[in-house]
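Undergrad: This is the structure I want to talk about, given as structure tokens.
2 protein chains.
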Amino acid sequence: MFNKIKKFVLGKSLRSKQLGEQKFNVFWGLPILASDAISSVAYAGEEILYVLVPIVALAAYAQMFYVSLAIVALLCILVFSYRQTIDAYPCGGGSYIVAHDNLGVIPGLTAAATLSIDYVLTVAVSACAGTAAITSALPSLLPHKILMTLFFIFILTIGNLRGLKDSSKMFGVPTYTFIISILIMIVYGVFKVKVLGFVPVDLVQMPEVTGDLTIFLILRAFAAGCTALTGVEAVSNGIPNFREPSQKNAKFVLVLLALVVLAIFSGTSYLATLYHAVPNPDQTVIAQIAMQVFGNGVFYYFMQFTTALILIMAANTAFNDFPLLLSLLAKDSYVPRQFAQRGGRLNYSNGIDFLALAAGILVVVFNGETHLLLPLYAVGVFASFTLSQSGMWLRWVKNKTPGWRYKAFINGLGAMVTFITMIILGVTKFMTGAWIVCILVPIFIYGMLQIKSHYNVVAEQLRLPLPEVANAMSWREREINHVIVPVASINRASLKALLYAKEISKNQNIIAFHVAMNEQFAKELRAMWEDFQFGIPLVIYASPYRDSVKPLLAFIASQEYAAKKDDIITIVLPEVIVNKKWMNILHNQTSYFMRGELIHDPRIAIITVPFQLKK
Amino acid sequence: MFNKIKKFVLGKSLRSKQLGEQKFNVFWGLPILASDAISSVAYAGEEILYVLVPIVALAAYAQMFYVSLAIVALLCILVFSYRQTIDAYPCGGGSYIVAHDNLGVIPGLTAAATLSIDYVLTVAVSACAGTAAITSALPSLLPHKILMTLFFIFILTIGNLRGLKDSSKMFGVPTYTFIISILIMIVYGVFKVKVLGFVPVDLVQMPEVTGDLTIFLILRAFAAGCTALTGVEAVSNGIPNFREPSQKNAKFVLVLLALVVLAIFSGTSYLATLYHAVPNPDQTVIAQIAMQVFGNGVFYYFMQFTTALILIMAANTAFNDFPLLLSLLAKDSYVPRQFAQRGGRLNYSNGIDFLALAAGILVVVFNGETHLLLPLYAVGVFASFTLSQSGMWLRWVKNKTPGWRYKAFINGLGAMVTFITMIILGVTKFMTGAWIVCILVPIFIYGMLQIKSHYNVVAEQLRLPLPEVANAMSWREREINHVIVPVASINRASLKALLYAKEISKNQNIIAFHVAMNEQFAKELRAMWEDFQFGIPLVIYASPYRDSVKPLLAFIASQEYAAKKDDIITIVLPEVIVNKKWMNILHNQTSYFMRGELIHDPRIAIITVPFQLKK
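Okay, here's the thing in structure tokens:
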């Protein structure tokens, strides 16, 4: 039943050989990897105006032009730098790989930690934004906002668990719809003013000038707009998800992404200037422009709907890239190894589940109030940009491959610019939340190093040198296997266990062991035991404290073989297997607790002889 | 660490032989078993006035006299009836036992279900009432009321888990303090008016008369006051908790309980009449009386404090009796058997934990609003009274032991009166919540019957007839044990498992089995296997869907012995045991999942060969 539902929702399991079919081409890869960047862009212009308009009023539009120019320039530098990274790392060149490879372990883990924080935030924030878009239209749903947000995360998780191929189409369509509608709005919006001579009416009153234009103000505006660039990393890290030729495809997608971001960002900024959109809590800048360009009709609402949708889609970039990052960390033993296993649909399902869980917890803990999460955002991305670009720069400088000077210049420029941006973001956002990132990152790094060291210690202890085997094989013969069968009463399950003990014991060195909770019952059992003639002696130990395991441990300790390191003690546990899982609560889980206590003795092996109930 | 804290909080484990020392004598048994009744009494007068005063104003006091008289008469009948029950059932004669024994299974389970509901409600309601007493004094604590209520339940649970002896003293002192202070108040209050000639001033304005005195009104007042009688059952059920001579002690406690209830109930009712206390939400009737008797001084606040405390203490009767009831049900297989096991401190700790959990859930679900729970209350107790008394009546009528006519009359009268009371309570409270009880009881009965039937079916399947044993023992020799050792890689853990397999296989019919997730790794493993010369063949199956168990099942199904019912297949699982539990999340739980899938095949036995890590 459960399996059927799972199969229906997630689709049939895929063979490992089908991995190639699951990768995406340029057309469907673009919307997945670009959705984070594009959704940021939809709001980047507004973010800039939010900083500038309340202080300098009308002068904001002129400043927005320069700020936008700076961001576009930064984008171009990043695209050039990352194209070089893709060339150098054909199997995926995310910040973690590049920094780990060229700068060392700690910079690599720093990049991984900052990116992880950002990806979890992206999912939480975008799901909350989707909910906010709906509850602002239907306020009666407000009491259910947490549930709705979790539902969005659930839908995104299901979509992504279905696998790259399915999810890229499911989630690609809304992204393309948004791109096309916003491009139509830009073209028609400019045409309406410049050619048809439409004179926009100010929908919202422009506020009074309240202060001077300072460098800090411009920097804050720049920082606010920088969220538009967070999608670039995902393409470079996600090379293995592209169809062959994957490097070429990834580079192509990177250029397309830059062009789309450029067109939408500069287009909406220009429209905001033309139509004098003023940011305010009741109507977004995009909505104000759409209202004037298309009037209060169907297309206006369609525009609103697609903008709400793209906000949720932003989470897809994280769902695509974060599990990939975790799988790389798992392969290097920095996180639990299970993250490197591909699930039924050939994606890193553990990573997807973990991302959904972490984002869900954030949503519940912060009660769906994203403004508390936003300041934690974006600093991490630029930290990882900086580390990745510095790593690339060092690589060229060290290796001195042909043309290294030019390449080092590009990546060095990238590193410098992203470093400055990180500092700006850090300073402007430090007090409101970026300090949390500064605390979390070292904790995550420490945790990852601990995990790596655990795996190393375990591997060392498990390592088996060849000469030891022959030794062990010959010396084995001297050992004696002592078999103990704990019996609670005489029944079919204990008979099966006793017979099994006879089967595996070479010298029939078997005893049955009863823990007497009740003296009367123990006496009856002793009497019956004789009648049944099992041919196996029964030892009964009283349990004055009603413990079902300790008397057995005491018995083992009392035997002379307890002192011998080489003897084997085999515990044969009869276990009644019920048909339905809930029935387990009706039975003592004695054998479960016994396993848990006995398993720490190196001489002991534990056998479960299951007795299956038919009804 | 955890064990040390547990030992400190709950006390050292006790030997089964110490059970006798843990029982209580008359002096400490009374407050535990009477606290429910006494705490109800503290509010019964107020409950009656709450019904009467708003309708008939001053005439209420005269009516309260008659209503109180009826309740006292009912109490006397119950005490006489229950003394007979205690005589007839020396090992505990709760409603469940008496009804099950004399009326049949369904009446017995009905009594058990109704009582269970009442006990869980008692704990939830009394903990909430304790919190309400504190938050009305310190309103700033209101936001934490759920936490505080859960904390009270936690404290009561800890106290009761420590065992009868400790808890009876811990919780007996506040009960005695309350009894003594209220008796002082009654004596001095009457003395002050009758001898010193004090004329009480009405603290609260008496309302206008708004309606007539109807039969229904009087019945509602009677129903409201009947909560005073809920503690009688606990004494009769709890006989085994008394020191020897337990029957005599229980009967003595029953009489003492009746006397205390009588004194407090009639005393407070009389004081309320003398001092014209008017129930209102700001000050309880007891508080109004105390204010007039003692003035606004230390003793007034002490009285308030002990009244608040006794409300919480009421839960103790439930903590004492409910686990006992569950243990009886468990012995008869109507609830999971674990409820019949005594814990470290010789009490039925599983029942105590379950009661705390159920009450805690109720508190959280109802957000600590007890007025939603109160209507569910009391009907259950009278249903179980009726069943118990009818059972006793039938017993006398059937057995016709000497003096049966007199005894049958007493119990018959008890049955009739409690039945009428139940009807009154049911009718007056049906719409506000008693209907929930009517739905829950059949569900509980159905569940208990299902559990019983499960245990019967299991016992039938496990039953081992003597002749089968000899047969099984001789026929065993023909079987063959096929040993399979799943290996993930060559390491010390798999070596240990392989050596163990050699030890237990008589004919060395062993194969090592590798599930190939990765073709390249499988090839390397194959090559290394030859070098290591284990002398055991290695079978490798590919896992196209990355499942770690299914290829093994496929292999077993492909072997010719798969068709033979009698062959044994032993799976020897190497299992790496980590030092700390949290480390388990860093390792695949493959062997856990393997056990879960393999355990349903009757031919398979599963061996865990643990390999303990040292670091």
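Chain order of the listed sequences is A and B.
The numbering of the first sequence is numbering that gives the first Met the number 0, which starts it at 0 and goes up by one.
The numbering of the second sequence is numbering that gives the first Met the number 0, which starts it at 0 and goes up by one.
All residues carry an ideal CB built from backbone N, CA and C; glycine is no exception.
None of these values were measured; they are calculated from a predicted model.
#1: Name, please, each residue of chain B whose Cβ falls closer than 7 Å to the Cβ of Met582/A.
#2: Please report the straight-line C-alpha distance between Trp395/A and Ser115/A, rounded to a whole angstrom.
#3: Starting from Pro616/A and walking both ways along the alpha helix (DSSP H), at which residues does that stretch end?
#4: Using the Cα positions of Ala61/A and Ala220/A, report the straight-line distance between them to the nearest angstrom.
#5: Between the alpha carbons of Leu149/A and Pro142/A, how many angstroms are there, rounded?
#6: Should the stretch 261 to 272 of chain A be called in touch with the stretch 337 to 348 of chain A, which here means at least 3 C-beta pairs below 8 Å?
#7: Is it right to say Trp581/B is buried, meaning 16 or more other beta carbons lie within 10 angstroms of its own, or is it exposed?
#8: For His513/A, go through chain B and note every residue whose CB falls closer than 9 Å to its CB, in chain order.
#9: What are the residues in the stretch 597 to 611 of chain A lying within 9 Å of chain B by C-beta distance?
#10: Measure how close the beta-carbons of Leu551/B and Val577/B come, nearest whole angstrom, since I'm counting them as under 8 Å.
#11: State yes or no: is the C-beta of Leu572/A within less than 8 Å of the C-beta of Ile606/A?
#12: Applying a beta-carbon distance threshold of less than 8 Å, which residues of chain A neighbour Thr543/B?
#13: Measure the CB-CB distance between Asp201/A and Thr121/A and report whether it falls below 8 Å.
#14: Just how far apart, CA to CA, sit Ala521/B and Phe592/B?
#15: Would you say Lys614/B lies against chain A (beta-carbon separation less than 8 Å)?
#16: Counting only runs of 4+ residues fully inside the stretch 288 to 334 of chain B, write out the alpha helix (DSSP H) ranges in chain order.
#17: Who are the Cβ neighbours of Asn279/B in its own chain at under 6 Å, not counting the five residues just before and after it?
#18: For Thr226/A, which residues of its own chain have a beta-carbon under 8 Å away from its beta-carbon, when the five flanking residues on both sides are left out?
#19: Tell me, please, whether the CB atom of Lys330/A is closer than 8 Å to any CB atom in chain B?
#20: What three-state label does DSSP hand Val231/B in the structure shown?
#21: Quick check on Leu616/B - is its C-beta less than 8 Å from some C-beta in chain A?
#22: Considering only the alpha carbon of each residue, which of Leu448/B, Ile567/B and Val608/B lies closest to Val104/B?
#23: Judging by CA-CA distance, which residue of Phe23/B, Leu29/B and Asn490/B is the nearest neighbour of Val259/B?
#24: Kindly list, in the order they appear in chain B, the residues whose Cβ is closer than 8 Å to that of Val468/A.
#25: Give a yes or no on whether the minimum CB-CB distance between Ala111/B and chain E is below 8 Å.
#26: Who are the neighbours of Ile489/B on chain A, taking C-beta pairs under 8 Å?
#27: Rounded to whole angstroms, what is the Cα-Cα separation between Ile510/A and Arg545/A?
#28: Quick check on Ile510/B: does DSSP put it in helix, strand or coil?
#29: Which ranges does the alpha helix (DSSP H) cover as unbroken runs of at least 4 residues, wholly within the stretch 560 to 590 of chain A, from first to last along the chain?
#30: Just checking, does the stretch 350 to 363 of chain B make contact with the stretch 120 to 134 of chain B on the three C-beta pairs under 8 Å criterion?
#31: Should the stretch 287 to 297 of chain A be called in touch with the stretch 62 to 77 of chain A, which here means at least 3 C-beta pairs below 8 Å?
#32: When we look at the beta-carbon of Val482/B and count the other beta-carbons within 10 Å, is it buried (16 or more) or exposed?
#33: From which residue to which residue does the beta strand (DSSP E) around Thr607/A run?
#34: How big is the Cα-Cα spacing for Ile438/B and Phe338/B?
#35: Would you tell me roughly how many angstroms separate the C-alpha atoms of Ile137/B and Ile311/B, rounded to the nearest one?
#36: Would you report the Cα separation of Thr589/A and Gln17/B, rounded to the nearest angstrom?
TA: In short:
#1: For this step, residue 582/A is matched to residue 583 along the first sequence. What Met582/A touches in chain B: His453.
#2: Walking along the first sequence from the start, residue 395/A turns up at place 396. Walking along the first sequence from the start, residue 115/A turns up at place 116. When rounded, the distance between both Cα atoms is 27 Å.
#3: Given a span of 0 to 614 for chain A in the structure shown, any question on residue 616/A remains unanswerable.
#4: The sequence position of residue 61/A within the first sequence is 62, counting from 1. The sequence position of residue 220/A within the first sequence is 221, counting from 1. So the alpha carbons of these two residues sit roughly 13 Å apart.
#5: Residue 149/A sits at position 150 when you count from the first residue of the first sequence. Residue 142/A sits at position 143 when you count from the first residue of the first sequence. In a straight line, the C-alpha of Leu149/A is about 13 Å away from that of Pro142/A.
#6: no
#7: Residue 581/B sits at position 582 when you count from the first residue of the second sequence. That one is exposed.
#8: Mapped onto the first sequence, residue 513/A falls at position 514. The contacting residues do not exist; His513/A stays about 15 Å from chain B at best.
#9: Leu597, Ile598, His599, Asp600, Pro601, Ile603, Ala604, Ile605, Ile606, Thr607, Val608, Pro609, Phe610 and Gln611
#10: Position 552 of the second sequence, counted from the start, is the residue given in the question as residue 551/B. Position 578 of the second sequence, counted from the start, is the residue given in the question as residue 577/B. That pair is no contact at about 24 Å.
#11: As a position in the first sequence, residue 572/A is number 573, starting the count at 1. As a position in the first sequence, residue 606/A is number 607, starting the count at 1. Yes, the Cβ-Cβ distance between Leu572/A and Ile606/A is below 8 Å.
#12: Counting from 1 along the second sequence, the entry for residue 543/B is found at position 544. Rather than Thr, the amino acid found at residue 543/B in this sequence is Pro. The answer, in chain order, is Arg14, Ser15 and Lys16.
#13: Translated into the one-based positions of the first sequence, residue 201/A becomes position 202. Translated into the one-based positions of the first sequence, residue 121/A becomes position 122. The answer is no: Cβ separation not under 8 Å.
#14: Residue numbering aside, residue 521/B sits at position 522 when the second sequence is read from its first letter. Residue numbering aside, residue 592/B sits at position 593 when the second sequence is read from its first letter. Ala521/B and Phe592/B: Cα-Cα distance of roughly 21 Å.
#15: Counting from one through the second sequence, the residue named residue 614/B turns up at place 615. So yes, Lys614/B belongs to the interface.
#16: 297 to 330
#17: Your numbering for residue 279/B matches position 280 in the second sequence. Val203, listed in sequence order.
#18: As a position in the first sequence, residue 226/A is number 227, starting the count at 1. Closer than 8 Å at the Cβ level, and outside the excluded window around Thr226/A, lie Ser39, Tyr42, Ala43, Glu46, Tyr376 and Ala377.
#19: Position 331 of the first sequence holds residue 330/A. Judged by the 8 Å Cβ criterion, Lys330/A is not in contact with chain B.
#20: Taking the first residue of the second sequence as position 1, residue 231/B is located at position 232. Helix.
#21: Summary: the structure shown does not reach residue 616/B, with chain B confined to residues 0 through 614, and so no result is reported for it.
#22: Taking the first residue of the second sequence as 1, we reach residue 104/B at position 105. Of the candidates Leu448/B, Ile567/B and Val608/B, the one whose C-alpha sits nearest the C-alpha of Val104/B is Leu448/B.
#23: As a working note, residue 259/B is residue 260 in the second sequence. Comparing Cα positions, the closest option is Leu29/B.
#24: Translated into positions along the first sequence, residue 468/A becomes position 469. In chain order: Leu494, Phe531, Gln532 and Phe533.
#25: Protein chains in the displayed structure are A and B, and chain E is not among them.
#26: Counting from 1 along the second sequence, the entry for residue 489/B is found at position 490. The answer, in chain order, is Leu463.
#27: To locate residue 510/A, count along the first sequence from 1; it is residue 511. To locate residue 545/A, count along the first sequence from 1; it is residue 546. About 22 Å.
#28: As a first step, residue 510/B must be located in the second sequence, where it is residue number 511. Here Ile510/B sits in strand by DSSP.
#29: none
#30: yes
#31: no
#32: Taking the second sequence and counting its residues from 1, one reaches residue 482/B at position 483. By the neighbour-count rule (16 or more Cβ atoms within 10 Å), Val482/B is buried.
#33: Residue 607/A sits at position 608 when you count from the first residue of the first sequence. Start and end: Ile603 to Gln611.
#34: Sequence index remark: in the second sequence, residue 438/B carries index 439 (1-based). Sequence index remark: in the second sequence, residue 338/B carries index 339 (1-based). Those two C-alpha atoms are separated by around 25 Å.
#35: Residue numbering aside, residue 137/B sits at position 138 when the second sequence is read from its first letter. Residue numbering aside, residue 311/B sits at position 312 when the second sequence is read from its first letter. It should be noted that the sequence gives Leu, not Ile, for residue 137/B. Taking the straight line joining both Cα atoms gives about 17 Å.
#36: Translated into positions along the first sequence, residue 589/A becomes position 590. Translated into positions along the second sequence, residue 17/B becomes position 18. About 24 Å.
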